[in-house]
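Contents: one structure, followed by commentary.
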Amino acid sequence: MSGDRRRVVRRVGLVVLVVNVALALAKGGVWWATGSLAVGSEAVNSAADTAYSVIVLAGLYLTTQPPDFQHPHGHERIEPFVSLFVAVGVFAAGAGVLWNATTTVLNGSYGGATGGVLGAGVLVASAGVKYGLYRYCRRVGETHRSPAIVATAMDNRNDILTAAAALVGVLGASLGVPVLEPVAAGVVSLGIIYTGYEIVRDNVNYLVGAAPDDELTAEILARALEHPRVEGAHDVIAHYVGPEVDVSLHIEVEGDMTLFEAHDIESEVVTAIREIPEVDDVFVHVDPKELGEWKEDERATRLFEGRAGEK
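Residue 1429 in the working numbering is what sits at position 45 of the sequence shown, and the numbering runs on without skipping anything.
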């Protein structure tokens, strides 16, 4: 992991923690001043966000540690576990919102104090801050290929929805229709739970060594075949190891060259493929034509022809 990526990822974790602390204090203050149930639930939500942000920050610090003897490839492969922890928090938040909304409607306990202008203001401000945090985390997570930061971005997107639901409740209470609050919250809870599913789905692929999409595999194949002395490739295997991709493939060359020439070709192909940002390790096996190891690879042919057709 580069020093720049390490600094950026850690900074994002710290920014998320500071923002959640500030929002929890602001919403708590308005809740104390107005007694609004909608604002109070949002204050509790932000307090929970603060608690798990501490754990996420600790996890990001661990994943950005440099390689050591026991972890020669670094600690990035821990990141999917951090993302799954975020998913657990998302599921818990969604289930909590759904339970509260359902019991509130069934018990008829909605209503009570309204947040007024102060409550509406803090919720609108919260949604705006969370939108900015969502865009920031999403951009950094995708640029630096950090599944934990992307998961955090999606959680911040959820907070925009919960703030919107709380705002509906505040406005509904002000207009004499307090039942709008639990109804809106119930709808939003379903979106929150689906987000948790998305985080789990994406990160389980990192953990079980799933193959990347065909576009990345085609790029790997193209990098190998761009070498002027590589006449074919087969057995292209790319799979996730944590958030990064390990690659192995066979390249086909004429067998009358020297060992030094074959070594140089192998090294140049490895370097070309490693320049792909998502790729970590590359293993290339050189097949000489005279040993009869040339073989057809239908998937490699399909991907390469498809890529050529797009140009």
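We treat Cβ as the ideally placed atom computed from N, Cα and C, and that holds for glycine.
With respect to ASN1540, LEU1517 sits close: the two C-beta atoms are nearer than 8 angstroms. Looking at GLY1419, ASN1429, MET1538, SER1510, the one whose alpha-carbon comes closest to that of CYS1521 is MET1538. The C-beta distance from SER1437 to LEU1409 rounds to 14 angstroms, too long to meet the 8 angstroms contact threshold. Taking C-beta atoms as the reference points, LEU1600 and GLU1662 count as a pair closer than 8 angstroms.
Proximity of the segment 1428-1446 to the segment 1388-1402 meets the contact definition, three or more beta-carbon pairs being nearer than 8 angstroms. Taken in chain order, the whole beta strand (DSSP E) runs of length 3 or more contained in the segment 1579-1636 are 1616-1625. Restricting attention to GLY1525, ALA1435, ALA1477, the CA atom closest to the CA of ARG1389 is found in GLY1525.
A straight-line Cα-Cα distance of about 24 angstroms links VAL1513 and ALA1557. In the DSSP annotation of this structure, the continuous segment of the alpha helix (DSSP H) that includes HIS1647 starts and ends at 1643-1658. The three-state secondary structure of PRO1450, taken from DSSP, is coil. CA-CA distance, ASP1598 to ALA1417, rounds to 56 angstroms. Looking at the backbone, the Cα of GLY1503 and that of LEU1551 are separated by about 8 angstroms. Apart from the 5 residues on each side of it in sequence, SER1467 sits with its Cβ closer than 7 angstroms to the Cβ of PRO1531, ALA1532, ALA1535, ILE1583, ASN1587 in its chain, given in chain order. In the three-state reduction of the DSSP assignment, ASP1388 falls in the helix class.
The C-alpha of ALA1547 lies about 28 angstroms from the C-alpha of GLU1463. DSSP places VAL1563 in no beta strand (DSSP E); its state is neither H nor E. Under the three-state reduction of DSSP output, PRO1464 falls in the helix class.
With contacts defined by Cβ atoms closer than 8 angstroms, VAL1629 and ALA1622 form a contacting pair.
The beta carbon of VAL1631 sits closer than 8 angstroms to those of ILE1604, VAL1620, ILE1621, ALA1622, ILE1657, VAL1663, ASP1665, VAL1666, PHE1667, all from its chain and outside the five residues before and after it, given in chain order. For HIS1611, the closest alpha carbon among the candidates ALA1471, ALA1431, VAL1654, GLY1626 is that of VAL1654.
If you compare the alpha carbons of GLY1560, ARG1519, VAL1670, LEU1407 with that of GLY1505, the shortest gap goes to LEU1407. Of all alpha-carbon atoms in HIS1634, HIS1528, GLY1593, the one lying nearest the alpha-carbon of VAL1393 is that of HIS1528. At least 8 angstroms separates the beta-carbon of VAL1563 from that of VAL1481. For PRO1672, the enclosing beta strand (DSSP E) covers residues 1663-1672.
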